[in-house]
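Those letters in the sequence shown? Residues -7 to 411, per the working numbering, in order.
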Amino acid sequence: MSDTKPKVVLAYSGGLDTSVILKWLCEKGFDVIAFCANVGQFEEDFSAIKTKAVTCGASKCVVTDLRAEYVKDYVFEAIKSNAIYESRYLLGTSIARPCISKEMIRIATEEGAQYIAHGATGKGNDQVRFEMCAQALSPKIQAIAPWRDAEFIESFKGRKDLLAYCTKHSIPVDAKPKANYSIDENLFHTSYESGMLEDAMCGPVESMFKMTTSPKDAPEQAETIRIEFKKGVPIKITNTTDGTEHTDPLDLFLYCNHIAGKHGIGRIDIVENRFVGIKSRGVYETPGGTLLREAHLDIEGICMDREVKRISEMLSAEFARLCYNGFWFAPEMELVRNSIDFSQRDVEGVVQMELYKGNIIITGRESVKSLYNADLASMDIEGGGEAFDYNPADAQGFIRINSVRLKTYAALRAKFGEE
-7 MSDTKPKVVL AYSGGLDTSV ILKWLCEKGF DVIAFCANVG QFEEDFSAIK
43 TKAVTCGASK CVVTDLRAEY VKDYVFEAIK SNAIYESRYL LGTSIARPCI
93 SKEMIRIATE EGAQYIAHGA TGKGNDQVRF EMCAQALSPK IQAIAPWRDA
143 EFIESFKGRK DLLAYCTKHS IPVDAKPKAN YSIDENLFHT SYESGMLEDA
193 MCGPVESMFK MTTSPKDAPE QAETIRIEFK KGVPIKITNT TDGTEHTDPL
243 DLFLYCNHIA GKHGIGRIDI VENRFVGIKS RGVYETPGGT LLREAHLDIE
293 GICMDREVKR ISEMLSAEFA RLCYNGFWFA PEMELVRNSI DFSQRDVEGV
343 VQMELYKGNI IITGRESVKS LYNADLASMD IEGGGEAFDY NPADAQGFIR
393 INSVRLKTYA ALRAKFGEE
């Protein structure tokens, strides 16, 4: 009879919950391989996390720097699609989960692990995202979710029980007082929820913010930047005020975070609808993402055909829904992303904007693939200029044809005495 322990790859943050889960899994007879993804967490000490994981009983701790991949293959995909959930949320947590899950499955395959585990709660979206992505990438993998396990929940009814378990098993605990809210962060955004924020009328405190200056305290002097796109993807940022330039995708995005955050751009406070059916209040800061999305929307305005734009807006909404709900690796998402790629083939050029106290003020744009024609649009030139045969008188027939159905509908309402 083999004494080999079943292997599990645990998504490990080094925090209280996942440290307790790690030890609990060891007690249950698992060989635990801790995995920590570097997706740009603020001032994270990954060496300390590795040490703590092994101290808690992990056979090893793998830390993978996913920042460049995350920006290129996930963040820029969201920017390219203008993705926004329920017209407000830029998907900062949602977009990171498939990136983390993909690496988690790679490690599980390499290590011969039959299980993955995570510390997501049974009320949130992340349990769905992690497990749906994992199942899509490795159909035979099994997930362990302690916060859905009856025995685990019975043993740990709150923070007090978790701390008592840490004391019993000599698990190091951060001595700093715990904030009265939870934080999830990566280089795309920082989110704050739970605790005091569960009161929808309790405003966020200024001290919580990590990525953005308050617009009230932002510089009195605006800065001008230019962002260049090719096939819908940002390829260069230039600060014309001080001459700074970046073209590497990771450096470009980190600078977007810096310059937008400096000017107080990218904060929102919302109530959203979770996939599991619960409404959730969240406070988010997404400085670079907010900046790039505004620039991308503007360059599309000059490059993209009207009907392609109409359809791409529907694709954008579907991209956001699928990403938020955990369907990144689903066939329908593959269809949406390929369609968006096609829509972006002529989206290139430069957008110029000023940043000032929470505002993005677009001041100009240019493109070699522009569909905008000044002569055609001009109110001072009759017709379409030399390049276009446009007769304003043709609009009369255009209006008549388009109003036929409106007249028919109005006649029907009048027939039955309705307004």
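Glycine included, C-beta positions come from ideal geometry on N, C-alpha and C.
DSSP beta-bridge partners of His238: Ile229
DSSP state of Ala142 mapped onto helix, strand, coil: helix
Local conformation of Met306 per DSSP, three classes: helix
From Glu374, Pro164 and Ser79, residue whose alpha carbon lies closest to that of Thr47: Pro164
Where the alpha helix (DSSP H) containing Ala287 begins and where it ends: Pro279 to Cys295
Whether Lys(-1) touches Gly104 by CB criterion (8 Å): yes
For Ala406 and Arg397, the rounded distance between their alpha carbons: 14 Å
Beta-carbon separation (whole angstroms), Ile257 vs Pro279, contact threshold 8 Å: 5 Å
Candidates Ala387, Glu410, Gly84 and Glu36: closest to Ile260 by CA position: Gly84
Ser335 to Leu314 span [Cα, whole Å]: 19 Å
Cα-Cα separation between Tyr401 and Ser395, rounded to whole angstroms: 10 Å
Rounded separation between Ser147 and Phe22 - CA only: 19 Å
Per-residue DSSP class, three states only, for Ala26: strand
Those runs of the beta strand (DSSP E) which lie wholly inside the segment 86 to 157 and span at least 3 residues: 107 to 109 and 134 to 136
contact_flag[the segment 198 to 207, the segment 245 to 256] where n(CB pairs < 8 Å) is 3 or more: yes
Contacting residues, own chain, Cβ-Cβ under 6 Å from Ser331 (five flanking each side not counted): Leu307
Cutoff 7 Å; reference Arg59; Cβ partners in own chain excluding five residues on either side: Asn30, Val31, Gly32, Leu179 and Leu242
Residues that DSSP places opposite Met371 in a beta bridge: Looking at the DSSP assignment, Met371 forms no beta bridge with any residue, so it has no partner.
Three-way DSSP call (helix, strand, coil) for Ile270 in this model: coil
Burial state of Lys160 (16 or more Cβ within 10 Å): exposed
Nearest residue (CA-CA) to Ser183, options Tyr81, Ile13, Ala40 and Asp141: Tyr81
Where Gln344 falls: helix, strand or coil (DSSP): strand
Own chain partners of Gln134 with C-beta closer than 8 Å, once the 5 adjacent residues on each side are dropped: Gln106, Tyr107 and Ile108
Simplified DSSP state of Ser73, which is helix, strand or coil: helix
Under 8 Å between C-beta atoms of Ile219 and Val63: no
Boundaries of the beta strand (DSSP E) in which Gly356 is found, first to last residue: Asn351 to Glu358
Inter-residue spacing [alpha-carbon to alpha-carbon] between Ile97 and Asn265: 28 Å
Range of the contiguous alpha helix (DSSP H) that encloses Val31: Counting along the chain, Val31 falls outside any alpha helix (DSSP H), and DSSP gives it neither H nor E.
Beta-bridge pairing of Ala3 - partner residues as DSSP gives them: Phe27
C-beta atoms of Pro207 and Val275 nearer than 8 Å: no
Beta strand (DSSP E) segment containing Cys53, residue limits: Lys52 to Asp57
Identity of the residues DSSP links to Arg405 by a beta bridge: None, per the DSSP bridge assignment.
Sufficient close CB pairs (3 or more, under 8 Å) joining the segment 139 to 159 to the segment 1 to 15: yes
Burial state of Leu327, where buried means 16 or more other Cβ atoms lie within 10 Å: exposed
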